[in-house]
Structure formats: C-alpha cells, structure tokens
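Quick note: the sequence shown uses my numbering, first residue 4, plus one each step. Heads up, the beta-carbon is just placed ideally off N, CA and C, and yes, glycines get one too. All values reported here derive from a predicted model rather than from experimental measurement.
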Amino acid sequence: MWNPDVYMKFSDLRTRPALELATRAGPVPEGLIHDLGCGPGNSTQVLASLNPGARLIGVDSSTEMLARAADEGPARARWAQGDLETWAAEEPADLIFSNAAFQWLDDHERLLPRLLKSLKPGGRLALQMPQNFAAPSHVLMRAIASQGPWAGKLKPLLRHDPVGTPEFYYDLFAPLAASVDIWETDYAQVLDGDDPVYNWVSGTALRPLMAALDEAEGLAFSGEYKAALRGAYPERADGKTLFAFKRLFMVIGL
Ligand SMILES: C[S@@+](CC[C@H](N)C(=O)[O-])C[C@H]1O[C@@H](n2cnc3c(N)ncnc32)[C@H](O)[C@@H]1O
Numbered sequence: 004m005w006n007p008d009v010y011m012k013f014s015d016l017r018t019r020p021a022l023e024l025a026t027r028a029g030p031v032p033e034g035l036i037h038d039l040g041c042g043p044g045n046s047t048q049v050l051a052s053l054n055p056g057a058r059l060i061g062v063d064s065s066t067e068m069l070a071r072a073a074d075e076g077p078a079r080a081r082w083a084q085g086d087l088e089t090w091a092a093e094e095p096a097d098l099i100f101s102n103a104a105f106q107w108l109d110d111h112e113r114l115l116p117r118l119l120k121s122l123k124p125g126g127r128l129a130l131q132m133p134q135n136f137a138a139p140s141h142v143l144m145r146a147i148a149s150q151g152p153w154a155g156k157l158k159p160l161l162r163h164d165p166v167g168t169p170e171f172y173y174d175l176f177a178p179l180a181a182s183v184d185i186w187e188t189d190y191a192q193v194l195d196g197d198d199p200v201y202n203w204v205s206g207t208a209l210r211p212l213m214a215a216l217d218e219a220e221g222l223a224f225s226g227e228y229k230a231a232l233r234g235a236y237p238e239r240a241d242g243k244t245l246f247a248f249k250r251l252f253m254v255i256g257l
C-alpha cells in the first residue's frame with residue numbers, strides 16, 4: 004500500500020526529474036498524454052503545466068495514490084486504475100510518459116517495447132527510472148533484511164535490479180524507433196532533518212519490507228537500518244545530509 008503523505012515529503016526532489024524529462028520530451032501542443040505510474044499526480048501536474056492544450060490520463064495501480072491525484076493533481080486530467088504489466092492505451096497517444104514507476108516492474112525487455120504500440124506515428128515515449136540499486140541506501144537495506152531474525156520474512160521480498168544499462172535500452176529501442184536519446188543524471192540531493200535517507204526510502208523501496216513486519220520487528224529492523232544509514236550518509240556541518248541519487252532517462256521517438 005502506498006502512502007502519498009510519506010512519498011510527497013520530498014515532493015520537490017521527486018518531481019524534479021519529471022520536469023527535466025518532460026522538458027526534454029518536448030511540447031505536446033494538443034493531443035493525448037498518458038502518465039504511467041502517475042502516483043499522487045505530481046508528474047501529471049508537470050505535464051499539464053508544460054502542455055496546456057493536451058489531454059491527460061494518469062494511470063496507476065494504487066487506490067491511495069489515485070485518490071490523492073484526483074484531489075491535488077490537475078483538474079483537467081482523467082485518472083485510471085490499471086496495471087502497467089498489462090497496460091495498453093485505449094487511444095494511441097502523442098506522448099507516453101513515466102517518471103519513477105517502471106523500476107517497480109521486471110522484464111523490461113518484454114514490457115517496454117510494447118508501449119510503442121500505444122503511440123501515434125511520430126509519438127514519443129519518455130521514461131525515467133532510479134538507478135540506485137547499488138547505492139548504500141539499498142545495499143544496506145538488503146544486507147540488514149537478509150541477516151536479522153526477520154530474514155525469513157524479508158528475503159523473499161528482496162528484488163533483483165530491474166533497471167538496465169543505457170546500452171541495454173539503446174539495443175532494445177534502436178531497431179524500433181526513429182530516435183533514441185538516453186542520459187543519466189547524478190543528483191547530490193540535500194535532505195533536511197533526522198534520518199532523512201530512512202524517511203526517503205520509507206516512501207518507496209522500504210515500504211514492502213516494513214509492511215511484512217510486526218511492530219516489534221519493524222522497530223528493531225528500522226533501528227538497525229537507521230544506524231547504518233547514519234554511517235553511510237553522515238550529516239554535513241550545517242546539519243543537512245547529502246543523498247547521492249542516480250537516475251536514468253530516455254526519450255524514444257517514433
Ligand atoms: C515512485 S511513484 C512515482 C509517482 C510519480 N510519477 C512521480 O513522478 O513522482 C511510483 C508509482 O508507480 C505505481 N506503480 C508501481 N507499480 C505499478 C504497476 N504495476 N501498475 C501501475 N502502477 C504502478 C505506484 O502505485 C506509484 O504510484
């Protein structure tokens with residue numbers, strides 16, 4: 004279950020890549036944009052602001068996220084519940100956009116080329132996914148989850164890295180597309196407050212693990228994980244924490 008409040012604690016930092024991706028994808032003066040994994044509607048809001056003449060459909064599987072999107076996302080968007088595993092557009096789009104969603108799905112080799120079938124000729128597919136599987140935040144999460152008394156519950160929930168290299172996506176799309184534009188950005192994110200990296204991952208990767216633990220296990224696990232994160236991401240002299248975060252972007256043109 005997603006919690007829009009926890010996710011949106013870092014709304015500026017989480018929405019920034021959506022703005023950078025939408026800017027690079029270029030304008031859609033009119034026509035249709037699908038925002039896949041729209042979450043609480045923050046990425047849809049970016050698309051609405053940059054494309055005042057376009058129709059917008061936000062797709063997500065989470066009831067909680069879609070409720071927030073309907074409350075706080077752009078009023079002219081339509082919201083649809085759906086699973087990206089099987090999603091196909093009812094009406095072909097000018098732009099299929101997805102910010103920070105497809106890292107939750109496996110088998111990109113099968114799933115992603117299929118999206119091109121939901122585009123109009125000349126349409127674009129714009130995707131961004133975090134590339135943080137090897138970052139200390141995630142390495143420590145997996146290590147602590149695999150070692151403690153909770154390992155029996157948590158190990159089956161640990162994922163392999165679903166996000167490939169730029170070369171992997173280039174080879175996947177180049178035979179199918181007129182243009183393939185791929186880039187990576189390393190953000191040195193500045194976070195405030197106590198245990199900010201823990202708070203960040205609580206809104207995303209940590210969620211399924213904590214949901215599997217009872218209260219006592221959750222407290223013990225989070226205590227150990229927070230202490231490890233404090234060592235990996237020490238506070239700066241001004242009390243802020245730098246959280247290095249790498250993301251992979253691509254814009255595929257038909
Ligand atoms: C990290 S949030 C991204 C939200 C927003 N796009 C943004 O830019 O911040 C990921 C979203 O993907 C959705 N999601 C994950 N797996 C999904 C699936 N299989 N089908 C549909 N939505 C999915 C989640 O419900 C969540 O709202």
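Residue range of the unbroken alpha helix (DSSP H) whose run includes Gly221 = Glu218 to Ala235
Are the segment 225–233 and the segment 24–43 touching by the rule of at least three beta carbon pairs closer than 8 Å?
-> no
CB of Asp2 within 8 Å of CB of Lys249, strictly = Because the chain is modelled from 4 through 257, residue 2 falls outside the range shown and cannot be assessed.
Between Ala80 and Leu59, is the Cβ-Cβ spacing less than 8 Å?
-> yes
Quick one: what does DSSP say Lys249 is sitting in, helix, strand or coil?
-> strand
Is Asp97 near Lys123, with beta carbons less than 8 Å apart?
-> yes
Counting only runs of 3+ residues fully inside the segment 47–122, write out the beta strand (DSSP E) ranges in chain order.
-> 57–63, 81–84 and 96–102
Thr47 burial status per 10 Å Cβ neighbour count (16 or more: buried) = buried
Within 10 angstroms of the Cβ of Thr207, are there 16 or more other Cβ atoms? Answer buried if so, exposed if not.
-> buried
For Tyr162, which three-state DSSP category applies?
-> Here the sequence assigns Arg to residue 162, which means Tyr is not the residue at that position. DSSP places Arg162 in coil when its eight states are reduced to three.
Have a look at Ala70 and Met4 and give me their C-alpha separation to the nearest angstrom.
-> 13 Å
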